[in-house]
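A.B. asks: Okay, handing you the structure first.
Residue numbers (the working numbering), protein chains in the order written: chain A, 78 to 227; chain B, 1188 to 1747.
What follows is the structure, given as structure tokens:
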């Protein structure tokens, strides 16, 4: 169940790398990105369940990156990482569809817990969509072809 | 506080100067006015006295000169209308004298003296018939002058008198008709002139300065006067002088062909008695107005300066407050910057420690003899990162502009909650928290939750300050539509140096690790943000009181 795909976006290399290592040790499929632009690039080629997104970054900041991400992958859950001075941005992020925010320096276990919740939410969300599609297919078997068109 | 004392001293000095200047300005015209008025008035009065004296002197001079001339003329007429032989007979002389006396009582006696100076006939109260006058002054004088009026002298009768003598040459032989004039007549003339005048004196002196007539004292007659004889002049002269301690004005005139000097004196003391009254009145007016000036000046300047000083003090307090809130804002900005910069390294440290902790679960490391030490160290690192995080979090709480949530707040009930919240802790330390609430406190528009934070902060500090056994009073009062809250403790109080710093961030008197030094600065920031003021009053050994004033509504202020 824990085996979900995570993208960590943070400009602080030491933090990002250590964080990735720790997650990997917990057998998660983790990828890192040092900027918002890089993260969006990676998103073009890979699929992730949960994104850990730093609010304060050079270039595209957390909120802007979030907006772009939600356009590309509406179902992907995003957890904002924030410092004290950027709590307002994190709250903006929540309004834009982020799952939650967590204050830096984050407690690792707390963050892991949040990620699990986010993943579960996403899974539940997908299940619902799946179910509705199945129901639709049961009603109109012909639509099965439409599925492949997507 | 020392600054305040200096201010006070400055104002005291200024006030003294001010009062001195006002006195100077107020008294100079007063003194000038009083002085000149008095001077002119006394000059006028003196002038009047002088004129009066002059008039009297003129009058008397004319009268006496006329009197003497008349007598001399009468005598001349007698001498020239009668012969020596006729008048030399006593009965004839008696008849003529009686006739004369009927018209003129000034004549005291009458005598006829032949060319040898022998008095051949005499009518009068004395027995002077046959007396020899050839050696007397007057005899010699009349032989030369034809008509002679003598000075006052004693003569044979040993009574002060003066005579008028007329010489007639009959058939080549001279003879003299002589009469004595009553000096009281002249005295009388002088006396009537001085009638009703106090301190006035009149006398006649001879050319040598001996008294001829004196209205004041007949014994003075023929004694030498101290009067400094002036040279001969025409008409009347007046002069001011002193006689012993008496200030005098006198008018003088020469009489009797410049033989006699008439002096009419006026002692100014009597004539100037209205002046004394004026002087007294003026003096009392002066004293009363001086008192009014002094009292009103002192009172007014005192009030004005008290007001000025108060305004100045308030101004300096205000600027102090401004400086303080500026400083707090600057420190806040700095703090939030620092907090952010420290957050990231802290996050890295935390992750690294976590990673080490993760690695320590590996089998090969578990066998290391230092395994437990490593575990403890990573745990300690995590613990202290958490502590740092906490400090930053509080620091941010101070720096962050938390949004104000407005609502109608009943301060009493907020304080009630504060009381309930902290009462247990207080009771444990044997501290009584007393509520002294104003019952009809107006509810005000403000942020109750943030105020609660302020109250808890201050009461908590009070509990910590008292430590054990004491009282904390929560007092509320209405003020200008808003609310005044006083939180007073019976703790040890604070010296001035501490009072000045308690609102500074990171200033704490608590032991290391116990307080962050942000509680009061945060509280200060909140109260200011709500449009109120937080001030402190403290005295070492007595306790500390925090005052919080809140406006009826804080909205306008924070919006602006």
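Just so it is clear, CB atoms sit at the ideal spot from N, CA and C, and this is done for glycine as well.
#1: If distances are taken between C-alpha atoms only, which option among A:143, A:131, A:107 and A:179 comes closest to residue 172 (chain A)?
#2: Could you give the distance in angstroms between the alpha-carbon of residue 1720 (chain B) and the alpha-carbon of residue 1654 (chain B)?
#3: So residue 196 (chain A) packs on residue 126 (chain A), CB below 8 Å; how close in whole Å?
#4: For a cutoff of 8 Å on Cβ pairs, would you count residue 1708 (chain B) as touching chain A?
#5: Determine the direct distance from the alpha carbon of residue 1303 (chain B) to that of residue 1252 (chain B), and round the result to whole angstroms.
#6: If you run the structure through DSSP and keep just helix, strand and coil, what is residue 1506 (chain B)?
#7: Residue 1746 (chain B) by DSSP, collapsed to three states: which one?
#8: Residues of chain A with CB under 8 Å from residue 1538 (chain B), in chain order?
#9: Which whole runs of the alpha helix (DSSP H) in the stretch 1445-1528 of chain B are 4 residues long or more, in chain order?
#10: Residues of chain B with CB closer than 7 Å to the CB of residue 102 (chain A), please, in chain order.
#11: Residue range of the beta strand (DSSP E) that residue 205 (chain A) falls in?
#12: Residue 1800 (chain B) touches chain A at which residues, Cβ-Cβ below 8 Å?
#13: Beta strand (DSSP E) containing residue 1393 (chain B): first to last residue?
#14: Decide if residue 1278 (chain B) is buried, meaning its Cβ has at least 16 other Cβ atoms within 10 Å, or exposed.
#15: Do the stretch 1703-1711 of chain B and the stretch 1624-1635 of chain B touch if we need at least three Cβ pairs shorter than 8 Å?
#16: If the cut is a Cβ gap below 7 Å, which residues of chain A does residue 1576 (chain B) touch?
#17: Would you give the residue range spanned by the alpha helix (DSSP H) that residue 1708 (chain B) belongs to?
#18: Cα separation between residue 186 (chain A) and residue 1631 (chain B)?
#19: Please report the distance separating the alpha-carbon of residue 1490 (chain B) from that of residue 1675 (chain B).
#20: Hey, how far is the Cα of residue 1616 (chain B) from the Cα of residue 1608 (chain B)?
#21: Give a yes or no on whether the C-beta atoms belonging to residue 1439 (chain B) and residue 1449 (chain B) are separated by under 8 Å.
#22: Could you check if residue 1784 (chain B) is buried or exposed, using at least 16 other CB atoms within 10 Å of its CB as the buried criterion?
#23: For residue 1671 (chain B), collect the residues of the same chain with a Cβ closer than 6 Å to its Cβ; drop the 5 residues on either side in sequence, then sort them by chain order.
#24: Using CA coordinates, which residue listed in B:1238, B:1508, B:1366 and B:1369 is at the minimum distance from residue 1750 (chain B)?
#25: Check whether the Cβ atoms of residue 1213 (chain B) and residue 1480 (chain B) sit closer than 8 Å, and answer yes or no.
#26: Give me the chain A residues within the contact set of residue 1595 (chain B), using Cβ-Cβ distance strictly less than 7 Å, ordered along the chain.
#27: How should residue 1399 (chain B) be labelled, buried or exposed, when 16 other C-beta atoms within 10 angstroms of its C-beta is the threshold for buried?
#28: Taking C-beta pairs closer than 9 Å, name the residues in chain A that residue 1516 (chain B) reaches, listed in chain order.
#29: Should the stretch 1416-1425 of chain B be regarded as contacting the stretch 1221-1232 of chain B, the criterion being three or more beta carbon pairs within less than 8 Å?
#30: When you compare the stretch 1462-1481 of chain B with the stretch 1364-1377 of chain B, are there three or more beta-carbon pairs, one atom per stretch, that lie closer than 8 Å?
#31: Kindly give me the distance between the Cβ atoms of residue 1381 (chain B) and residue 1412 (chain B), rounded to whole angstroms, as I take these residues to be in contact under 8 Å.
C.D. replies: Straight from the coordinates:
#1: A:143
#2: Their Cα atoms are separated by approximately 27 Å.
#3: 5 Å
#4: no
#5: In this structure, the straight-line span from the alpha carbon of residue 1252 (chain B) to that of residue 1303 (chain B) is close to 31 Å.
#6: helix
#7: Unreliable positioning characterises residue 1746 (chain B) in this predicted model, as indicated by a pLDDT of 39, which lies under 50. The coordinate reading is nonetheless provided below. Look at residue 1746 (chain B) here: in three-state DSSP terms it is helix.
#8: 91, 92, 95, 96, 99, 182 and 185
#9: 1455-1458
#10: Ordered by position in chain B, the residues that pass the 7 Å Cβ test against residue 102 (chain A) are 1545.
#11: Taken as a continuous stretch (DSSP letters only), residue 205 (chain A) belongs to no beta strand (DSSP E), being part of the alpha helix (DSSP H) at 185-216.
#12: In this structure chain B extends from 1188 to 1747, so residue 1800 (chain B) is not present and cannot be described.
#13: Its beta strand (DSSP E) spans residues 1387-1393.
#14: exposed
#15: no
#16: 182
#17: 1706-1716
#18: Their Cα atoms are separated by approximately 45 Å.
#19: 32 Å
#20: 15 Å
#21: yes
#22: It is not possible to answer for residue 1784 (chain B), since the shown part of chain B is limited to 1188 through 1747.
#23: Taking C-beta separations shorter than 6 Å and ignoring five residues to either side along the sequence, the partners of residue 1671 (chain B) in its chain run 1664 and 1736, following chain order.
#24: No answer is possible for residue 1750 (chain B): it lies beyond the span of chain B, which begins at 1188 and ends at 1747.
#25: yes
#26: Chain A residues near residue 1595 (chain B): none, gap ~27 Å exceeds 7 Å.
#27: buried
#28: The contacting residues do not exist; residue 1516 (chain B) stays about 15 Å from chain A at best.
#29: no
#30: no
#31: Actually they do not touch by this definition, with Cβ atoms about 18 Å apart.
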